[in-house]
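Chains as they are written, first to last, in my numbering: chain A, 3 to 491; chain B, 3 to 486.
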């Protein structure tokens, strides 16, 4: 049961092979048994989950189910969920119970899905290894001495270890794609504005985007159907006609399903910086794509090398302002002893935030400050436009862009923790996609020394359906996405 | 001794008269229990996002049109970052580099009556922003209470060029702006409740010097009287400081009404670096020409245009026209009264509204919208003076009767109380004959050249007519008879 995909689970529920309560209990039991080793979840609330499962069973019995009804999903702890502790991986919100639902949570609820628990993450989504969480690092189920990636590391580890059929993630610079790559998952970061940000705790507002993390493109498509859509409570959400992201996947297209598809290979993704073992697996995947009828063309994204520096100006700038509300005044952590107002602010924030968050707040405040704004923030915005223009030009030559998701497979816990710049470089292939606001995916493309590697797919604006289809056709002829790590003892 | 010139620029925060807040659906009504009008967005829970209230934008457009400014096709909301307990997000959403209204002018009247001088004050800009909450320092021994009802209330910050040269000009500007924002319905102008508050940037320079002196900003002036007092004190303090060999340091100051003095709150050194940047949660505000034209069509006629029209259409003096256009309610009242009285009575209507009615309202501290005498009733009354049905004196009695609700119209009261003026010259003649016969001594005095006796005889005749005889006719007939 636990290795079935979402459609199969929906069938099992509809066919009364299993009830939602039983399915939910199955996963709760696995979490109870395996989470202590993985630390993938920050909060599990069996009673709440089972109550949702009971409601789902009634709904299914009444014949009013929809594709996600009764299926448990792990929710990244960045989404506010009414009545649930919502920490964002921080001591600052260690005591915060949300009084309202994020739009994403409300949409899963409306679909009758079960929230199986809130997953661990880098503090305020700042990190690429899930080591910056106040609640401790998450372990990679493929090798528990290694990181699962971040910031959606808890979601990735939970799904990879079969503690949940699928999970939500958020991606500001690669936080869905990189952990998906490191944990052998299929993850999609949609076009900026496709999924509502309301109730998703902001890291960098102009970059943050929520998306699905699952074990196949098909599962991601089903989840995106539930997650996407205009939300009047998010001014940056886009009012577009609703799409069925599954439609294209269901068509039968013969043995050359991708005939005519042009895959762009940016030379900047295939030079130095990527480990040979990951590059080998990416090349093998591209060979597979050619067999499916696709054609590869060499392209260039000349400003790629500027994406990491531009990102590390823009994201901290927005974060420094977004995190100002955590001041100990109305909710969240307040230092127990302080002498006056300023002392309360500084002590609460000094004690409530971890090192990486403080580092980024300082960088952000610096680049926005008087006299530096033009040189840093404005300059970074100009670079951002150049990067976006690179992609516009590239998509005149190709339909999708491919390359590695992450330069390496999962690294050891602690390996990069002391060197922020090394850590920041884990996202060299993913960050430009956020700066441009494009949709991006990572799909499993093989194992190197037993560790998964990811192939990154980048689409033009609103090309989620095409990306999912391109991923799906590969998954129809390969089995990498079906690989599981050995069950933990 | 040196001559000093005063230079003043004013920033005004006008609270916009919208039902809900600028970035959330919470009510903006004044006076509710603390924090009952504070939603998840207003208290800045994690994850919440702002959504712009179009009604606030509409107010900004109306203002831009009213002052002949450019309504920006694209403006941008920016975050002004600073920590304060009543600022829930740790930043205020405002507009910085690209405001919604650019430029514009306001014509003000400085001085009273015939001595009034017109002056044009240039506006720099007006931008939309949200208000903060309130810190409550009383009632919480050693602690501070936070009330976020006001957090997120829409404000239009209106900034002038440093165009004013005296406290009188500053106050005249503030009054004209106050009248205008109420006129176009974007602000209730309630200064006690903080709906309209001004900051004055004040500096002095030797007459003839080109460069401005260093300015100090007087914050939160919430009455015109305080504004005058604060600026006068500040100017005198600045001049005295310079003349004593001191220098003015740029600073923010507060006015203490009790002492009548201004005192520095913070100097430039501890000025904040607000780290403004465009708010990534909000798209640029785009206002297309259609929207502007729709707003223009919905605008009331503006004070200056109305004033000029009153002078042309109703042959009023500039003074009367200005008095009648002090507020939209006043002007509407006047025009309704004229419509009822007839255009020929435009001038007497103006007198009745600006003198009799205004005095009566003033006496009872009522707004014109609360006048017991309606514009139609007043017009009906003036019409009866014009057609000689009643005299001015009788009209005043009828006005009082209408005020007290003794009748539905002047006509009804005239009828009921038999106040119709006697204009039948036969009847008046008979009365005069009786008066002459009864007062031979007065007649003799008049004939001996005493003009005073004539007035006494008129008085007797009016008394005999119970005040209802047409005074002009009485005069004419009496003179005729005495001259015979």
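For each residue, glycine too, the CB sits at the ideal point set by N, CA and C.
With 16 other CB atoms within 10 Å as the buried threshold, where does residue 274 of chain B fall?
exposed
Contact check, residue 340 of chain B vs residue 348 of chain B, beta carbons under 9 angstroms
yes
Taking residue 281 of chain A as the reference, give the member of A/175, A/449 and A/192 with the closest Cα.
A/449
Can you give me the Cβ contacts of residue 316 of chain A inside the same chain, cut-off strictly under 8 angstroms, excluding the 5 residues immediately before and after it?
206, 208, 209, 379, 382, 383, 386 and 437
Cβ contact check for the stretch 52-59 of chain A and the stretch 18-30 of chain A: 3 or more pairs under 8 angstroms:
yes
Which listed residue (B/187, B/189, B/229 and B/193) has its alpha carbon closest to that of residue 201 of chain B
B/229
Span separating the alpha-carbon of residue 231 of chain B from that of residue 168 of chain B
12 angstroms
Could you check where the beta strand (DSSP E) with residue 83 of chain B kicks off and where it finishes?
79-83
Test: residue 377 of chain A CB closer than 9 angstroms to a CB of chain B:
no
Within the 9 angstroms Cβ cut-off, does residue 30 of chain B reach chain A?
no
Start-to-end residues for the alpha helix (DSSP H) that takes in residue 185 of chain A
179-185
With 9 angstroms as the threshold, decide whether the Cβ of residue 133 of chain B is near any Cβ in chain A.
no
Buried versus exposed, by CB contacts within 10 Å (16 or more), residue 211 of chain A
buried
Please report how far the alpha carbon of residue 395 of chain B lies from the alpha carbon of residue 191 of chain B, in whole angstroms.
38 angstroms
Could you name the residues of the stretch 189-223 of chain A whose beta carbon sits closer than 8 angstroms to any beta carbon of chain B, in the order they occur along the chain?
199, 200, 201, 202, 203, 204, 206, 207 and 208
Range of the contiguous beta strand (DSSP E) that encloses residue 85 of chain A:
That residue, residue 85 of chain A, is in no beta strand (DSSP E); it is neither H nor E in DSSP.
Using C-beta distances below 8 angstroms, list every residue in its chain close to residue 146 of chain B, excluding the 5 sequence neighbours before and after it, in chain order.
87, 137, 138 and 139
For the putative contact between residue 412 of chain A and residue 32 of chain A, defined by C-beta atoms under 8 angstroms, what is the C-beta separation to the nearest angstrom?
The Cβ separation is near 21 angstroms, so there is no contact.
Is the CB of residue 243 of chain B under 9 angstroms away from at least one CB in chain A?
no
How far does the beta strand (DSSP E) with residue 119 of chain B in it extend, from its first residue to its last?
119-132
Opening and closing residue of the alpha helix (DSSP H) in which residue 59 of chain B lies
56-68
To the nearest whole angstrom, what separates the beta carbons of residue 422 of chain B and residue 470 of chain B, a pair I think is in contact under 8 angstroms?
7 angstroms
Check each candidate in A/237, A/476 and A/102 and name the one with the smallest Cα separation from residue 87 of chain A.
A/102
Quick check: the Cα distance between residue 344 of chain B and residue 188 of chain B, rounded to an integer number of angstroms?
33 angstroms
Report all residues from its chain with a CB closer than 6 angstroms to the CB of residue 122 of chain B; omit the five preceding and five following residues, and keep chain order.
107 and 109
Integer Cβ distance of residue 359 of chain A from residue 125 of chain A, believed to fall under 8 angstroms
5 angstroms
Meets three-Cβ-pair contact criterion under 8 angstroms: the stretch 332-339 of chain B and the stretch 354-370 of chain B:
yes
Can you look up residue 419 of chain A in the DSSP assignment and give me helix, strand or coil?
coil
Do you know offhand how far residue 150 of chain B's Cα is from residue 305 of chain B's?
36 angstroms
Identity of the residue in A/263, A/306, A/286 and A/372 nearest residue 402 of chain A by Cα
A/263
Apart from the five residues just before and just after residue 80 of chain A, which ones in its own chain have a Cβ nearer than 7 angstroms to its Cβ?
90, 123, 127, 172, 202 and 203
Exposure of residue 244 of chain A, with buried meaning 16 or more beta-carbon neighbours within 10 Å
exposed
Starting from residue 265 of chain B and walking both ways along the beta strand (DSSP E), at which residues does that stretch end?
263-269
Name the chain A residues whose beta carbon is nearer than 8 angstroms to that of residue 46 of chain B?
327 and 332
With DSSP run on the structure shown, which of helix, strand or coil describes residue 97 of chain B?
strand
8 angstroms contact criterion, which residue 175 of chain A and residue 433 of chain A should meet: CB distance rounded:
4 angstroms
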